[in-house]
Structure formats: C-alpha cells, structure tokens
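Worksheet: one structure, shown below.
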Amino acid sequence: MPVKESKKVPMDPQKVERIMSVSLTEFAHHGYQGTKTDNIAKQANVSKGIIFRYYGNKVQLYLATIKFATEHITNVADYSVWQNAHDLDEMIVNVTKYKIQLQLQFPDEFKILLDAYAGVGDAPAALRQKAAKFYANETNDNLNTLVEPVLNRLPVRSDIDRQTIQNLMVAVFNQVGLETKAFMKQHPDADLTDFDEIINHVRQYMDILEHGFLTA
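In terms of the numbering used here, the sequence shown opens at residue 2 and continues consecutively.
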C-alpha cells in the first residue's frame, strides 16, 4: 500500500498527546495489524474522524507513533552515559546496561522502536522499510554528538581525519543493524537482555577499530 503524506491541519495538543500515548500502547502490544483505530479513538476519548483528520491513515499514525516514541526516549535519556566513557569499549558496556534500564522503564517505546530498527513486525513491507529508514536516520544523526566527546579523550593519530573515524563507526553500527535484523527475524519477541552475542560483536568491532587487528 502506498505511503501518503498527511496534510497539515490544526491539531489540539492535548488530543495529540492522548492519541499518541494510546497508539504507542496499542501498537506495542498488538502490532500493526492487530491495532484498531476504533480502539485508539475510544481510549483516547476522541472521534475516529479526528484521528484520520490528523494523520490521514493508519500508516501515517504508525509512523507518527514511532516518532513520538523516539522523541520520548531522546528527551529522557542521559547522554552522559555515552559521552563520559573513557574509551569505546566502556561506552558500549555502559550504554548497553543503560538501555536495558530504559527498556524496563519504557517497555512500549522500546518494543515499537526495536521493531522499527530491525524492520520486523507485521506491518506492510513498505511501511517497515520506511520506519527502519526513519530510525536509522535518527540514530546516525545522533552518533557524532554521542561519540565525539569519547574520541576527544583518545590519543587519535594526527594523520587520521576525524570524519573518517566517524564514517567507520557508522559502518560498524550499520553492520550491527544487519545482525540485529537477522536475530530479530529469528526471535521476534526478543528484548535487549537477549543480545549478549551481538553486544560482544560490537565490543570486538570497537576494539579492532580502536587498537587494530595486528599483534604488536
């Protein structure tokens, strides 16, 4: 089904907040196919017409919900967990522990975002691709902000361009994304506590990036 851009219409902020909060819970617990806009309208105390006036269709409602979940986690996240690490390995360990804590605190947000990141779930293929692209863009946009303070503390060779390092890190995280997608397709109900093997891979990638792969 084609993805249409919804027209801009005046929105009541309180109604939007209620719709997004209910949509987050419904999509996280029932998936795309199992979520009914009738139920969202009823629980959000708005008419079904308001939902379609605001978002155009269910596809746009789902994408708006992913954006809502992303903004919520972004607003509550403590970025010092990334930025205060002394090296890349410490950053990965700290971030992993912290993300598990956040997932326990915000399970619905992480469920819908993990599905979007991995491109899994029961949404139409075109929508899964669009959701995954949005999440990837958000992640890559934040990467430099999160990693730059750590790189500034490392004895980086003067002949290496900083942008080259950041490009390599993006490539590493893209590889991690591929591994995550493959894992999620085999284990669709997995959460962050099940990602030990992938986390170990990330640590190895970062170790090689930081120290190379040749013996002294």
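Positions of the beta carbon are idealized from the N, C-alpha and C atoms, including for glycine.
Can you tell me which of the three DSSP states residue i falls into?
i, result
"Ala-119", "helix"
"Phe-214", "coil"
"Ser-7", "Residue placement at Ser-7 is flagged as unreliable, the pLDDT there being 45, under the threshold of 50; the coordinate-derived value follows with that caveat. Of the three classes helix, strand and coil, the one that applies to Ser-7 here is coil, per DSSP."
"Ala-183", "helix"
"Glu-195", "The sequence as given places Asp at residue 195; Glu does not occur at that position. DSSP places Asp-195 in helix when its eight states are reduced to three."
"Tyr-80", "coil"
"Met-207", "helix"
"Asp-190", "coil"
Along the chain, where does the alpha helix (DSSP H) that runs through residue i open and close?
i, result
"Ile-101", "89-106"
"Ala-45", "38-45"
"Arg-54", "49-56"
"Ile-20", "14-35"
"Ile-161", "Here Ile-161 belongs to no alpha helix (DSSP H), and DSSP marks it neither H nor E."
"Phe-69", "59-77"
With a cut-off of 8 Å on the beta carbons, I'd call residue i and residue j a contact; round off their distance for me.
i, j, result
"Val-47", "Lys-16", "5 Å"
"Leu-114", "Ala-183", "Incorrect: roughly 18 Å between the Cβ atoms, too far for contact."
"Tyr-99", "Ala-117", "With 8 Å as the limit, Tyr-99 and Ala-117 do not qualify as a contact, their Cβ atoms being about 20 Å apart."
Sufficient close CB pairs (3 or more, under 8 Å) joining the region 33-47 to the region 78-89: As far as the Cβ criterion goes, the region 33-47 does not touch the region 78-89, which means the pair count is below three.
Inter-stretch contact (C-beta, 8 Å, three-pair minimum) for the region 108-123 and the region 163-174: For the pair of segments examined, the region 108-123 was found not to touch the region 163-174: the number of CB pairs separated by less than 8 Å stays below three.
Meets three-Cβ-pair contact criterion under 8 Å: the region 14-29 and the region 59-73: Yes, they touch.
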